[in-house]
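According to the numbering used here, the sequence shown is numbered sequentially starting from 5.
Every residue, glycine too, gets a C-beta built ideally from N, C-alpha and C.
For reference, the structure discussed in these notes is given below.
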Amino acid sequence: MIKCPICDNSDEASIKQSLFPEFFNCGKCGGHFIKEKIAVDYPEEYFEQKEKPSIIARLAIPVLNVFLAGKVRRVKKIIKGKKGAAVLDYGCGAGKLVDALIKKGIDAIGFEPSVGARQITARNNLPVYGEVKTVKDGYDLIMFWQSLEHTDNPLEVIRNAAGYLKKDGKLLIAVPNAGGWEARIFKDKWFHFSYPLHVIQFTPDAAKTMLDEAGFKILNIDYFNPEYTASGIIQTFLNLFLPKDVFYSVISHRRQSGSKIKTISLSILSVFALLIFSPFIVLFWFGELIFKKTGAIVIVAGRDANL
5 MIKCPICDNS DEASIKQSLF PEFFNCGKCG GHFIKEKIAV DYPEEYFEQK EKPSIIARLA
65 IPVLNVFLAG KVRRVKKIIK GKKGAAVLDY GCGAGKLVDA LIKKGIDAIG FEPSVGARQI
125 TARNNLPVYG EVKTVKDGYD LIMFWQSLEH TDNPLEVIRN AAGYLKKDGK LLIAVPNAGG
185 WEARIFKDKW FHFSYPLHVI QFTPDAAKTM LDEAGFKILN IDYFNPEYTA SGIIQTFLNL
245 FLPKDVFYSV ISHRRQSGSK IKTISLSILS VFALLIFSPF IVLFWFGELI FKKTGAIVIV
305 AGRDANL
């Protein structure tokens with residue numbers, strides 16, 4: 005029996021072939037999920053290269069730090085600066101956001117199923133665990149920063165998360181938007197497609213249906229968030245001409261493959277391509293923003309008081 009893991013829909017007549025060949029599309033929520041479960045390994049290199057960062061990666065550090073600071077500000081806004089607020093980063097990877105929140109006086113804890121990532125967090129003495137830790141009175145905020153699309157049971161994950169939240173606790177969910185222009189036009193060249201790492205593809209309607217089923221209501225959807233939208237369209241464009249995600253891998257200093265010389269050469273080509281085609285990319289991104297069709301979304305949700 006086929007069952008949608010986003011909304012629990014088991015009406016097989018309403019589940020069709022997705023626009024992505026590896027996926028099914030649910031007629032109830034509009035989300036996409038893989039046809040067969042795949043075991044994916046996440047070694048340390050997926051999260052952080054052991055080699056010294058390249059010049060391009062070092063030049064990108066200030067921009068990445070701006071994005072990280074933006075996440076911290078968003079969290080502080082959601083918890084309203086509450087002292088002693090407990091925050092869980094679900095699927096925290098190498099724990100950079102956990103570390104940044106702790107340095108700002110926020111009681112942050114990470115959950116990360118990948119052994120490779122936890123080896124990195126252990127070396128940095130961060131409170132990151134292989135299981136979700138309970139805290140007294142529950143969490144004020146549970147975050148899913150580009151992690152929920154890696155799970156094959158997102159509705160179950162959200163339902164379980166509800167049990168760890170305070171009554172007035174919030175969820176923050178940042179996921180790719182398969183209802184956006186990039187997914188529709190570029191399909192497997194879309195940066196956030198990232199199969200087989202991403203096994204779920206959400207749309208805003210799919211996320212809303214999932215949250216409704218779990219007893220939550222959406223408080224806000226952010227279509228801007230340049231860390232995922234602007235960077236996403238840049239890499240999607242480059243994927244049309246160059247090996248997939250190579251520029252992102254260099255900038256983020258992770259998930260690199262191939263020789264160093266080849267990687268550097270492709271990075272230089274990427275920069276030249278961006279300089280030439282940047283006006284088109286910027287116009288496309290502005291169009292996505294105007295029509296709310298960006299390649300990623302950030303959702304804040306709270307418990308539905310009517311349930």
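Nonlocal neighbours in the same chain, by C-beta distance under 6 Å from A121, ignoring five residues either side: Taking the sequence shown and counting its residues from 1, the one referred to as residue 121 is at position 117. Cβ neighbours of A121 beyond the five flanking positions: F51, G97, A98.
Whole runs of the beta strand (DSSP E) within the segment 35-71, excluding any shorter than 3 residues: 36-38
Candidates I6, S274, E292, I272: closest to F228 by CA position: Residue 228 sits at position 224 when you count from the first residue of the sequence shown. Minimum Cα distance to F228 is reached at E292.
Using DSSP bridges, identify the partner residues of W4. Nothing can be reported for residue 4: it is not among the residues displayed for the chain, which extend from 5 to 311.
When the distance is taken between beta carbons, is D93 closer than 7 Å to G114? Here residue 114 refers to the residue found at position 110 when the sequence shown is read from its first residue. Here residue 93 refers to the residue found at position 89 when the sequence shown is read from its first residue. Yes, the Cβ-Cβ distance between G114 and D93 is below 7 Å.
Roughly how far, in whole angstroms, is the beta-carbon of N128 from the beta-carbon of D103, given that I think they are within contact range, below 8 Å? Taking the sequence shown and counting its residues from 1, the one referred to as residue 128 is at position 124. Taking the sequence shown and counting its residues from 1, the one referred to as residue 103 is at position 99. That pair is a contact at about 7 Å.
Does the segment 208-228 come into contact with the segment 266-281, if we say contact requires no fewer than three beta-carbon pairs (one atom in each stretch) closer than 8 Å? no
Who does C30 pair with in a DSSP beta bridge? The sequence position of residue 30 within the sequence shown is 26, counting from 1. Paired residue(s): I19.
Do three or more CB pairs link the segment 231-243 to the segment 23-43 at distances below 8 Å? no
Does the beta-carbon distance from Q21 to H257 come in below 7 Å? Here residue 21 is taken as the residue at index 17 of the sequence shown, counted from 1. Here residue 257 is taken as the residue at index 253 of the sequence shown, counted from 1. It is not a contact, given that the beta carbons lie outside the stated cut-off.
Could you check where the alpha helix (DSSP H) with F276 kicks off and where it finishes? On the sequence shown, residue 276 is found 272 positions in, with the first residue counted as 1. Its alpha helix (DSSP H) spans residues 264-294.
For S269, does the count of other Cβ atoms within 10 angstroms reach 16, so buried, or fall short, so exposed? By one-based count along the sequence shown, residue 269 stands at place 265. Around the beta carbon of S269, a 10 Å sphere encloses fewer than 16 other beta carbons of the protein chains shown; the residue is thus reported as exposed.
Cβ pair count under 8 Å reaching 3, the segment 194-205 against the segment 160-178: no
Measure the C-alpha to C-alpha separation of S14 and C30 and round it to an integer number of angstroms. Here the question's residue 14 lines up with position 10 in the sequence shown. Here the question's residue 30 lines up with position 26 in the sequence shown. One C-alpha to the other measures close to 9 Å.
I'd like the span of the beta strand (DSSP E) that includes Y94, first residue to last. Your numbering for residue 94 matches position 90 in the sequence shown. First-last of the beta strand (DSSP E) with Y94: 90-94.
My guess is that I10 and A210 are in contact by the Cβ rule of under 8 Å, so how many angstroms apart are they, rounded? Your numbering for residue 10 matches position 6 in the sequence shown. Your numbering for residue 210 matches position 206 in the sequence shown. Right, the Cβ-Cβ distance comes to about 5 Å (below 8 Å), so this counts as a contact.
According to DSSP, is F195 helix, strand or coil? Start at 1 with the first residue of the sequence shown, and residue 195 comes out as number 191. DSSP places F195 in coil when its eight states are reduced to three.
Can you check DSSP and say which residues form a bridge with D226? Numbered from 1 along the sequence shown, position 222 holds the residue referred to as residue 226. Looking at the DSSP assignment, D226 forms a beta bridge with V302.
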